[in-house]
Amino acid sequence: NRPQLYRPVSGVTARRRFLVLGTDGAPANLVPGVRDRLSGVDADLPVTIRPMTEILLENSFVWSVGSVILGAFGLFALFLASLGIYGVIAYSVEHRRREMGIRMALGASRDRVRSLVVGEGLRLAGAGLVLGLVLAVAAGQLMTAILFGVSPFDPLALGGTLAVFAAVAAASSWLPAERAARSEPARVLREE
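For the sequence shown, the numbering used here begins at 1 and goes up steadily by one.
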């Protein structure tokens, strides 16, 4: 004798109603008895009997498709953010070519100029990565209620994203710095 709750069907507004039955025997043995009992309540009641595993699989499929779509949008956002990082750092380095020309004209080696520019770009990107990590952890904390079976603090996802952004920042600092370091100081100083 387990506690039971009876609720009138007329008070339920959902279009679909579920009756969940558990058995130690074969579920197929319950089907005729369930149909008879339900037809006794309402002869016109449409009844579909399915195993719970099938219903759960159907429900989880919708969430799986949504996860794939959100993952694709996330990767696209990662790509756009990478382009943005590259553009901002490359513009900043290109804007400082004259300064690099002056440094080389005053005796700074090409390696020194290159390491100065790359180091500064990585410091700026590092500050952005730390801030982004803090915001990602805070957002993950807010989203724990809607995540199922996934940790909001997945080290692989967070570490992978940080690694991609760090690599993009390094490349976007290195390429323009290399171009500026290879150019002749006199030519760079004459440009304007």
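Even glycine gets a Cβ: it sits at the ideal position worked out from N, Cα and C.
Between Ile89 and Gly121, the C-beta gap is smaller than 7 angstroms, which places the two residues in contact. DSSP places Arg96 in the coil class of the three-state scheme, outside both helix and strand. For Leu147, there is no enclosing alpha helix (DSSP H), as DSSP gives it neither H nor E.
Within the stretch 68–142, complete alpha helix (DSSP H) segments of at least 4 residues are found at 97–105, given in chain order. In the pairwise beta carbon analysis, the stretch 105–116 is classified as not touching the stretch 138–156: fewer than three pairs are separated by under 8 angstroms. Close CB contacts of Val31 within its chain, under the 8 angstroms cut and outside five residues either way in sequence, are with Ile49 (chain order). If you check the CB distance, Val93 and Trp174 do not come in under 7 angstroms.
Boundaries of the alpha helix (DSSP H) around Ser173: Pro155 to Arg182.
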